[in-house]
Structures are given as structure tokens and as C-alpha cells.
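Please read the structure below before turning to the comments.
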Amino acid sequence: MISKSKEELRLDHKVIGDMIENGSTVLDLGCGSGELLEYLASSKDVKGSGVEISEEAIYRCVEKGLSVSHGDIDSGLKEYPDHLFDYVIFNQTMQQVHRPKEAIREALRVGKKVIIGFPNFCYIKARLQLFFGGHVPVTPSLPYTWYDTPNLHFLSIKDFTNFCAQEKIKTEKKVFLAEKSIVKFMPNIFALNAVFQISR
Amino acid sequence: MPQRAKKEKEGLGIVQTQYYNAPKDEKFLMESGASFSELKIAYETYGKLNSRKNNAVLICHALSGDAHAAGYHAGEKKPGWWDDMIGPEKAFDTNKYFVVSSNIIGGCKGSSGPNSINPSTGKPYALSFPIVSVVDMVNAQKKLLDFLGVKKLLSVCGGSMGGMQALQWAVSYPEEVVSCIPIATTYKHSAQQIAFDEVGRQAIMADPAWNGGDYYEKQCPSAGLAVARMIGHITYMSNESMEKKFGRVLKKKELGYEFSTEFEVEGYLRYRGDNFVKRFDANSYLYITKAMDYFDLQKDQKLYHAFKDIKTRFLVIAFSSDWLYPPAQSKEIVRALKMNGIDVTYCEISSDYGHDAFLLEFQEETKLIKHFLDNTHKKLERKK
């Protein structure tokens with residue numbers, strides 16, 4: 080969904096791939112043209128399927144041999160039975176659903192584990208732009224202006240951690256990403272993106 | 168003209184309808200418990216069955232379709248009804264797949280139906296032909312495929328009533344159907360769908376020429392059948408497509424203040440109706456619409472129970488402006504399949520053509536079907 084350089088795309092795909100066990104079943108919510116699913120199928124032998132709102136993207140997915148369902152994430156999760164998938168993934172899409180709390184709860188119902196990748200709103204440059212620039216931040220992970228952003232919700236790594244605590248959701252793994260590297264130090268300030276693996 | 172010549176060259180060329188005749192002493196048992204003998208099925212095949220017999224695709228047609236799905240009949244100027252989709256390098260690539268297009272029973276296009284001769288009386292069956300269901304259509308096709316030596320279908324595909332047959336195939340013969348492509352269809356006829364069919368039937372029955380179905384040696388109920396077809400055509404189009412095609416355009420320069428055909432849309436519907444009666448049997452229209460109305464995979468259970476123990480892969484396609492078989496019905500099928508953990512791909516193609524889109528939006532359908540089939544076939548090849 081987010082326009083990023085190919086290398087960074089690979090980095091977050093690689094991070095997600097590293098979290099996933101070989102041969103597992105995966106549902107990718109907002110799978111776009113299916114790059115992540117294709118990568119997971121080839122590198123991790125996963126049996127993947129996706130949900131995607133764009134008709135054009137559906138054609139790209141089918142071209143890749145992927146099984147995808149045309150629809151929106153908010154209503155698309157009800158259709159699955161409990162724990163059908165080993166993993167449910169929201170990569171850069173959770174901030175675009177209408178009701179993230181419900182969507183995450185539903186994802187935790189249909190998936191044994193949920194992987195969420197999201198842009199960190201409190202990245203240092205965003206803070207500086209907000210504080211000194213006096214405008215809504217535009218960063219590599221949040222590249223849109225206020226009038227054309229698909230993002231409906233903005234959150235920081237700290238916000239998400241608090242949310243998990245409040246919802247009694249277990250954080251199994253978390254990785255923080257800069258443009259081309261992993262961030263270990265003060266991620267809420269220095270990470271552009273975060274990838275969390277959570278479960279009930 | 169040159170375009171047609173080019174198309175003919177690229178396509179399947181001249182094809183012929185063939186006929187399967189069941190052994191004379193064999194009775195064909197129907198879902199209702201009734202039976203008839205001398206089952207006959209019209210069909211066409213394109214491409215070749217490979218040595219592993221894993222490349223057969225069955226195409227099922229809609230209400231007014233027939234076995235002639237692709238290529239040209241000798242001397243004809245128009246190709247089969249889905250020629251855009253079937254042929255070398257098309258969605259159903261006849262270089263790769265053995266495509267079987269089977270006519271349905273109950274129709275009037277060469278297979279057993281109300282206009283067939285009843286062997287015990289030597290006269291057309293008319294209404295004494297047993298009521299046909301979609302299950303019966305599929306069971307008849309099964310006999311044809313047995314005869315052709317096809318034990319497993321790589322795919323079964325159809326739009327509208329053809330989609331009902333495709334779904335029924337997956338439910339009736341789950342082990343024999345590797346993949347299923349129901350297009351612009353439903354898992355059961357809704358009250359509205361039954362209602363439209365009933366108006367069509369009543370139009371036919373209200374025509375005095377119908378004569379209780381006994382008209383084969385007399386005059387056909389053309390007026391009634393034409394009205395039925397006109398109603399059908401309204402449901403096949405969308406408000407947008409009608410607006411685009413006709414608007415309020417008049418046939419003459421100004422209003423005549425009389426009950427003649429004044430609007431273009433009236434002329435179109437009459438033309439469609441009048442053309443239809445030349446090629447279709449009124450009793451068949453009654454039988455086929457009845458079969459659609461009886462179609463109900465859900466019955467008294469939850470829909471997902473209908474797809475239990477199915478391993479078939481699905482590609483479900485709907486069209487945004489189709490109000491006869493709206494996307495919501497396809498989505499219910501998809502939901503029920505997902506509840507069973509069945510591998511399903513769903514696409515709602517945006518189109519203004521209404522229900523007719525399944526015959527017209529072949530480029531979009533090709534994008535989906537070509538790759539889906541290719542991928543399914545590759546998976547099957549890898550398995551063995």
C-alpha cells in the first residue's frame with residue numbers, strides 16, 4: 080500500500096518471513112498485488128490467501144497463482160472460522176481499516192498468531208516536522224499529505240504497546256525498522272516502521 | 168468483414184455439434200423420481216484430452232444457450248456463444264485443455280427435452296416430459312463425460328444457470344471436480360428470481376396457441392414466448408447499460424401519440440423477442456426456468472453445510488451492475504466456501520452491462536480464468 084523503495088519492501092517482507100514457520104497457512108489482509116504472499120510462498124512454502132479491495136490488484140494476484148478475495152478488511156474477516164490460519168497479517172493496512180480494534184480482535188480469532196506492520200507516527204523526523212515545521216509529518220513510511228492519505232489512524236509504537244496491554248494481547252515478537260536496517264535503540268523515536276507478532 | 172476472417176483464422180475454425188445417445192434399454196432417473204429412456208445429449212468438444220486425462224474442462228451454458236460455445240458451424244456467420252473465451256490461447260486455451268461444452272436436458276437444442284419424440288407414442292413429449300432440475304442436468308452431463316472417458320474435470324465453468332450447474336457439479340461429484348468457476352450466479356433462486364421466471368411462464372401459458380403445451384403440430388405460442396424473452400432481457404441489462412444504449416431515443420423524429428413502437432428500447436425488446444421465438448421452444452422455456460427456480464443448494468441447512476468435504480478450488484466471479492444475480496449472492500457462496508476452509512478466489516468485476524456482463528466482459532474474465540486454470544493444472548501435474 081505504501082510506496083517504498085524495493086529494498087525496504089524486501090526488508091519488511093524479510094522480517095515478516097523470518098517470523099513465520101515453514102509450511103504454515105497465512106491470510107494477508109490488504110495483500111495488494113500479492114508480493115508478500117508470493118515471497119512467503121516461495122521462501123517459506125506457506126499456503127497463503129489474501130483479501131484485497133482493488134480489482135486491478137486482484138488480477139495481479141491471480142496472475143501470480145494466489146488465492147484472493149475481493150473485498151474490504153473490515154467486513155472480510157467474519158467469513159472465516161476460528162483459528163483457520165496459522166498467521167493473519169496486516170502489513171501496512173491496519174491503519175487503513177475503519178475499526179482497527181475490531182479488526183485485530185477478529186484477526187486474533189481467525190488466526191493463531193497475528194502479524195502487524197505499521198508506520199511509526201512518532202519517528203524523530205515526524206516529531207521535528209510537527210514541532211518545528213508546524214505541519215502534519217510526511218516521512219518515508221508516511222509519505223502522504225493530509226488530503227490524499229489512505230491512512231485513517233495514526234499511532235506510535237508506544238500506542239500499540241499500550242493497546243496490547245489494555246486488550247490483554249501477548250506480544251510474541253517485535254522488530255523495528257529504519258529505511259534499510261533494523262532499529263534496536265529507542266525505536267519509538269528512531270524506527271519508521273514496526274512489525275509485531277501478537278497472540279491471545 | 169476482414170476482422171471476421173481474421174477471427175476465424177485465430178479461433179477454432181469450423182466445429183460440429185455431436186450427439187451422445189444412451190443405450191436404448193437404459194432409463195435416466197431424475198431427481199423427482201420420474202424417469203425417461205433414450206437420453207440424448209448434444210455436445211461439442213474443442214482441443215484434445217491428454218494421455219493423463221487431467222486437462223478436461225466442462226463448459227455449462229445458460230438458459231438460452233446450447234452446445235455450440237465456440238468456433239463456427241459450417242456456413243454460419245456467427246461463432247458460438249462464448250467464442251471470445253474458448254479457443255487457442257484464449258481463457259480456455261484449446262491448445263492446453265480438452266473443452267467439453269454440453270447442452271442441457273430439458274432444452275430444445277438437440278438434447279432430450281419436451282420437444283423430443285416420446286418413443287412410446289411417436290409424438291413429442293410436450294408436458295409429459297418429466298420436470299428437470301439442475302441436478303438432472305448435471306447427472307446427464309456426467310453420463311456424457313463417462314462416455315467421453317473423462318473421469319476427472321480440471322474445471323467446470325458456467326455463467327448464470329451454467330454457474331448453477333458448475334456449483335452442482337462440485338457438490339454432486341466433489342471427487343471428480345478439481346476446480347469450479349461459477350460466474351454471475353447464485354446458490355439458490357431468490358423470491359425475486361422466481362418471480363421473474365413465473366411472469367415469463369405465465370406469458371407463455373396465457374398465449375392461446377400454447378394449448379396446454381400441445382402445439383408441436385400446430386402454431387407455436389410465439390407471442391407469449393416473445394414477451395417472456397422481453398422480460399428476460401430487461402433483467403439481463405442494467406439501468407446504466409439501457410440508458411447508454413437507448414436513453415429516450417425515438418424511432419421516429421417525434422412522438423406519434425399512438426401505441427406503436429416509439430422508443431428505441433421498445434423496438435429492441437420486440438426485435439429480441441421476435442428473434443428468440445425462431446430459435447427456441449416455449450415448453451423448453453417453461454422447463455428450464457422451473458429447473459432454475461428449483462435450484463437450492465442450501466435447502467434447510469446453513470449454506471456452508473452444502474460445501475462440506477469439498478476439496479475443489481473455486482474462482483467465483485460476479486459483476487457490479489448485475490441485479491439479476493447480484494454480487495451479494497456470490498459473496499454468500501464465497502463466505503460458505505471459506506467457512507469450510509476451501510481454497511477460493513473471488514472477484515467482483517466492475518461493469519455497466521448488468522447480468523449480460525458474463526458474456527461481454529471477456530477480457531477481464533480471461534485475466535482471471537486463464538491464470539487460475541493454468542495454476543490449477545500445474546498444481547495437478549506436480550501432484551502426480
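Line by line, the protein sequences give chains U and P.
All letters in the first sequence, in the order written, are residues 80 to 279 by the working numbering.
All letters in the second sequence, in the order written, are residues 168 to 551 by the working numbering.
Virtual Cβ for every residue (Gly too), placed ideally from N, Cα, C.
Alpha carbon to alpha carbon, what distance is there between residue j and residue i?
i: Phe259/P; j: Val266/P; result: 7 Å
i: Ala205/U; j: Ser497/P; result: 44 Å
i: Tyr340/P; j: Glu246/U; result: 46 Å
i: Pro190/P; j: Ser287/P; result: 16 Å
i: Leu207/U; j: Thr240/U; result: 23 Å
i: Lys174/P; j: Ile194/U; result: Bear in mind that the predicted position of Lys174/P carries a pLDDT of just 49, short of 50, making it unreliable; the figure below should be weighed with that in mind. In a straight line, the C-alpha of Lys174/P is about 50 Å away from that of Ile194/U.
i: Gly254/P; j: Gly247/P; result: 11 Å
i: Pro222/U; j: Met98/U; result: 26 Å
i: Arg502/P; j: Gly150/U; result: 11 Å
i: Cys140/U; j: Lys418/P; result: 47 Å
i: Leu163/U; j: Gly102/U; result: 14 Å
i: Asp44/U; j: Lys475/P; result: Because chain U is modelled from 80 through 279, residue 44/U falls outside the range shown and cannot be assessed.
i: Gly242/P; j: Glu425/P; result: 42 Å
i: Lys245/P; j: Tyr403/P; result: 21 Å
i: Glu256/P; j: Lys290/P; result: 45 Å
i: Pro219/U; j: Ala270/U; result: 11 Å
i: Glu131/U; j: Asp519/P; result: 22 Å
i: Glu100/U; j: Arg279/U; result: 18 Å
i: Leu119/U; j: Cys243/U; result: 26 Å
i: Asn406/P; j: Lys412/P; result: 10 Å
i: Gln174/U; j: Val147/U; result: 21 Å
i: Arg171/P; j: Val182/P; result: A caution first: Arg171/P carries a pLDDT of 49, below 50, which makes its placement in the model too unreliable to give a value.
Just verifying my parser: in three-state terms, what is the DSSP assignment at residue i?
i: Ile132/U; result: coil
i: Met514/P; result: The amino acid occupying residue 514/P in the given sequence is Cys; Met does not appear at that position. Looking at Cys514/P - three-state DSSP - the assignment turns out to be strand.
i: Ser199/P; result: coil
i: Lys457/P; result: helix
i: Tyr239/P; result: strand
i: Thr212/P; result: strand
i: Lys276/P; result: coil
i: Ala270/U; result: coil
i: Glu182/P; result: It should be noted that the sequence gives Val, not Glu, for residue 182/P. DSSP places Val182/P in coil when its eight states are reduced to three.
i: Ile371/P; result: helix
i: Phe525/P; result: helix
i: Val167/U; result: strand
i: Ala234/P; result: coil
i: Leu392/P; result: helix
i: Phe474/P; result: coil
i: Gly196/U; result: strand
i: Ile99/U; result: coil
In the DSSP assignment, find the unbroken beta strand (DSSP E) run with residue i in it and report its ends.
i: Gly136/P; result: Residue 136/P is absent from the structure shown; chain P starts at 168 and stops at 551.
i: His149/U; result: 146-149
i: Lys252/U; result: 249-256
i: Ser269/P; result: 265-269
i: Phe239/U; result: Premise fails: Phe239/U lies in the alpha helix (DSSP H), 236-245, not in any beta strand (DSSP E).
i: Ile226/P; result: 223-227
i: Ile484/P; result: 480-486
i: Asp115/P; result: With chain P covering 168 to 551 only, the question about residue 115/P has no answer from this structure.
Could you give the residue range of the alpha helix (DSSP H) that holds residue i?
i: Leu207/U; result: 203-207
i: Arg184/U; result: 179-189
i: Pro349/P; result: Not the alpha helix (DSSP H): Pro349/P falls in the beta strand (DSSP E), residues 346-350.
i: Lys550/P; result: 529-550
i: Ile500/P; result: 494-506
i: Asp303/P; result: 301-315
i: Asp441/P; result: 431-446
i: Leu115/U; result: 114-123
Of all the options the options, which has the alpha carbon lying nearest to the alpha carbon of residue i?
i: Tyr186/P; options: Val344/P, Asp489/P, Ser231/P, Ser269/P; result: Ser269/P
i: Leu256/U; options: Ile268/U, Ala244/U, Met265/U, Asn272/U; result: Asn272/U
i: Lys215/P; options: Ala209/P, Leu225/P, Lys207/P, Leu206/P; result: Leu225/P
i: Asp192/P; options: Ser204/P, Gly232/P, Gly379/P; result: Ser204/P
i: His240/P; options: Ser231/P, Asn282/P, Gly178/P, Asn221/P; result: Gly178/P
i: Gly109/U; options: Asn267/U, Gln276/U, Gly196/U; result: Gly196/U
i: Asp364/P; options: Leu540/P, Thr512/P, Thr456/P; result: Thr456/P
i: Met397/P; options: Glu410/P, Glu407/P, Ser427/P, Val366/P; result: Val366/P
i: Leu311/P; options: Asn262/P, Ala373/P, Asp374/P, Glu211/P; result: Glu211/P
i: Leu115/U; options: Lys143/U, Ile152/U, Glu135/U, Gly213/U; result: Lys143/U
i: Val105/U; options: Lys259/U, Tyr166/U, Val274/U; result: Tyr166/U
i: Ala458/P; options: Arg446/P, Lys466/P, Arg437/P, Ile361/P; result: Ile361/P
i: Val636/P; options: Ser346/P, Gly316/P, Phe430/P; result: Shown here, chain P extends from 168 to 551; a query on residue 636/P therefore has no answer.
Would you mind giving the Cβ-Cβ distance between residue i and residue j, rounded to the nearest angstrom? I have them listed as a contact below 8 Å.
i: Phe195/P; j: Ala293/P; result: At roughly 18 Å, the Cβ-Cβ gap does not stay under 8 Å, so Phe195/P and Ala293/P are not in contact.
i: Leu187/U; j: Ile248/U; result: 7 Å
i: Asp107/U; j: Ile168/U; result: 5 Å
i: Ala390/P; j: His522/P; result: Actually they do not touch by this definition, with Cβ atoms about 24 Å apart.
Just to confirm, does residue i get its C-beta within under 8 Å of one of the non-hydrogen atoms of the ligand FMN?
i: Ser133/U; result: The ligand content of the structure shown is nil, which means the ligand FMN is not present either.
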